[in-house]
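One structure is given below, encoded as structure tokens.
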Amino acid sequence: MIEKGRISHVELALIMYATVVATAILYIPYVTAQHAKRDLWLSPIWGSLSGFLIVVIIIKLAKLFPGKTLIEYSELILGRTLGKIIAFLYLFFLLHDTAIAFREYGEFIESAFLHKTPMILVTASIALSCAIAVHGGVETIGRCAMIFLPVVVALYILIYLFLIPDLHVKNIFPIMQDGVMPSIKGSLAPHAWLSQFSLMSFLLPFLTNQQKGMKWGLFSVIASVLTMVFINLGNLFLFGGIIINLQFPVFEAARFINVGSFFEHVESIVIAVWVLGGFVQLSAFFYMLVLGTSQWLTLPSYKPFVLPIGFLIILFSVWTVPSFQDMIRGMSTTVPFYFLTVQLLIPILLLCVAIIRRKLAN
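Numbering-wise, the sequence shown is residues -5 to 356 according to our numbering.
Written out as structure tokens, the structure reads:
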């Protein structure tokens, strides 16, 4: 096995939580509000269906092919040639997905603070930091998740606790004024983010207790959805209808904090802590891409690929997204269908073929 490290079920859940939530809390409120308006808090609930379904499928595949990732059992299920092709398509998608995640990080940092810094330098700096964690292996990323994520979650809870005097519950009404369809349309982005639970395939072989994979995978989905609902409600209570005009409402909410005229302008603290969660997310994406590439090429170690693939990620993050406006537009139009096609249909195809082949063999 290329990777010798091991992670606990809690570390698995935290890594997947970071993989979904780190950028979702920044972009989901704005993207969902474009369709759902005041019902944006309902959209993650509809989106949870993709998360739950994918976790169940990935766990079933892991039980059929213990110790294997999606890249490895694609060849076992579909044969060498077709399996290699499907695995390559998934890896290319993962490269694109990773590049988008790095670009999301870069756009936020650049728009918040580093206005005149070239985007490629912003993404290159975080890529270099993530490369160190990736080189350390899955255990390093798991430990980072255990240390950083409780701090990140606590901070975002504190933001809205400090803002309680400014929160207006009446902003939630009227609920479903235009029916259920706006919130369902708004759920496209949460569907896309939660479909990333297919990446569990790259972590399950290194789980110390395989029996807890399903339970903690589903728990991670629930935690991710509740976080999105909480953030969407908090922003709705604070901003009301103008939320559709705020690209980073969580960041804007942090600017509202003013406790006793001495505790204010905390947005810099919010960004500093958010970077910790973003670091875990980007390191996980980076690691899965490097590991999967090494498995596809049947190499004995993934570590020689860390820097070359890191360089490729940086280039793709600049090339594949022409501008911030194009990225936001894609999140509510083509990107969800692209994500769901790859991350939902490929695992479903693999599971169906595996079950049919097993029944025929019996």
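Beta carbons are placed, not taken as given, at the ideal position from N, Cα and C, and that holds for glycine. Because the structure is a prediction, the values reported are computed rather than measured.
In this structure, does DSSP put residue i in helix, strand or coil?
{"i": "asparagine 252", "result": "strand"}
{"i": "leucine 291", "result": "coil"}
{"i": "leucine 108", "result": "coil"}
{"i": "leucine 157", "result": "coil"}
{"i": "leucine 370", "result": "Absent from the model: residue 370. The displayed extent of the chain is -5 to 356, so no value can be given."}
{"i": "leucine 240", "result": "coil"}
{"i": "isoleucine 1", "result": "strand"}
{"i": "leucine 357", "result": "With the chain represented from -5 up to 356, any question about residue 357 goes unanswered, as that position is not in the structure."}
{"i": "histidine 162", "result": "coil"}
{"i": "serine 326", "result": "coil"}
{"i": "threonine 75", "result": "helix"}
{"i": "threonine 134", "result": "helix"}
{"i": "tyrosine 296", "result": "coil"}
{"i": "proline 184", "result": "helix"}
{"i": "threonine 13", "result": "helix"}
{"i": "serine 317", "result": "coil"}
{"i": "isoleucine 80", "result": "helix"}
{"i": "threonine 26", "result": "helix"}
{"i": "threonine 92", "result": "helix"}
{"i": "valine 49", "result": "helix"}
{"i": "isoleucine 263", "result": "helix"}
{"i": "isoleucine -4", "result": "coil"}
Taking the C-alpha atoms as reference points, what is the distance between residue i and residue j?
{"i": "tyrosine 296", "j": "glycine 324", "result": "32 Å"}
{"i": "isoleucine 1", "j": "phenylalanine 318", "result": "36 Å"}
{"i": "phenylalanine 331", "j": "alanine 266", "result": "32 Å"}
{"i": "alanine 27", "j": "valine 315", "result": "22 Å"}
{"i": "methionine 194", "j": "methionine 10", "result": "7 Å"}
{"i": "leucine 232", "j": "isoleucine 263", "result": "20 Å"}
{"i": "threonine 63", "j": "alanine 355", "result": "22 Å"}
{"i": "phenylalanine 87", "j": "valine 329", "result": "11 Å"}
{"i": "threonine 292", "j": "leucine 306", "result": "20 Å"}
{"i": "leucine 108", "j": "serine 123", "result": "18 Å"}
{"i": "isoleucine 65", "j": "leucine 334", "result": "18 Å"}
{"i": "phenylalanine 102", "j": "glutamine 289", "result": "33 Å"}
{"i": "aspartate 172", "j": "alanine 183", "result": "20 Å"}
{"i": "proline 341", "j": "leucine 157", "result": "42 Å"}
{"i": "serine 37", "j": "glutamine 337", "result": "19 Å"}
{"i": "glutamine 241", "j": "lysine 353", "result": "51 Å"}
{"i": "valine 269", "j": "isoleucine 350", "result": "45 Å"}
{"i": "glutamate 5", "j": "serine 218", "result": "15 Å"}
{"i": "lysine 206", "j": "valine 50", "result": "13 Å"}
{"i": "serine 68", "j": "alanine 81", "result": "6 Å"}
{"i": "glycine -1", "j": "isoleucine 237", "result": "44 Å"}
{"i": "glycine 100", "j": "isoleucine 52", "result": "31 Å"}
{"i": "leucine 343", "j": "glycine 77", "result": "11 Å"}
{"i": "alanine 148", "j": "tryptophan 187", "result": "22 Å"}
{"i": "threonine 134", "j": "valine 128", "result": "8 Å"}
The alpha helix (DSSP H) that contains residue i, what's its start and end?
{"i": "asparagine 226", "result": "207 to 233"}
{"i": "arginine 32", "result": "Looking at the DSSP string, arginine 32 is not in any alpha helix (DSSP H), and its letter there is neither H nor E."}
{"i": "tyrosine 67", "result": "64 to 72"}
{"i": "glycine 61", "result": "Segment: none, glycine 61 is in no alpha helix (DSSP H) and carries neither H nor E."}
{"i": "isoleucine 126", "result": "113 to 130"}
{"i": "methionine 365", "result": "Only positions -5 to 356 of the chain appear in this structure, which leaves residue 365 out of reach."}
{"i": "phenylalanine 305", "result": "300 to 313"}
Kindly give me the distance between the Cβ atoms of residue i and residue j, rounded to whole angstroms, as I take these residues to be in contact under 8 Å.
{"i": "alanine 93", "j": "glutamine 275", "result": "Not confirmed; about 13 Å, so no contact."}
{"i": "phenylalanine 273", "j": "cysteine 138", "result": "7 Å"}
{"i": "isoleucine 48", "j": "serine 189", "result": "6 Å"}
{"i": "glutamate -3", "j": "valine 132", "result": "6 Å"}
{"i": "glycine 304", "j": "alanine 95", "result": "Contact doesn't hold; Cβ gap of about 13 Å is too wide."}
{"i": "leucine 283", "j": "leucine 89", "result": "6 Å"}
{"i": "arginine 97", "j": "serine 277", "result": "Not a contact, Cβ separation roughly 16 Å."}
{"i": "phenylalanine 196", "j": "glycine 286", "result": "6 Å"}
{"i": "methionine 321", "j": "alanine 18", "result": "In fact, because the Cβ distance is near 14 Å, the residues do not count as touching under 8 Å."}
Are the C-beta of residue i and some C-beta of chain B separated by less than 7 Å?
{"i": "lysine -2", "result": "Absence of chain B from the displayed structure is noted, only one protein chain being present."}
May I ask you to verify whether the stretch 14 to 33 touches the stretch 289 to 304, counting CB pairs closer than 8 Å and requiring at least 3?
-> Judged by Cβ distances under 8 Å, the stretch 14 to 33 makes no contact with the stretch 289 to 304, as fewer than three pairs qualify.
*Assess, as a yes-or-no matter, whether the stretch 193 to 213 is touched by the stretch 52 to 63 under the definition of 3 or more beta carbon pairs within less than 8 Å.*
Because the criterion of three Cβ pairs below 8 Å is met, the stretch 52 to 63 and the stretch 193 to 213 touch.
* Evaluate the contact criterion for the stretch 211 to 222 versus the stretch 71 to 80: three or more CB pairs, one atom per stretch, below 8 Å. => Not touching, per the Cβ criterion.
For this session: Say whether the stretch 223 to 237 touches the stretch 155 to 172, bearing in mind that this needs 3 or more beta-carbon pairs closer than 8 Å, one atom from each stretch.
Result: yes
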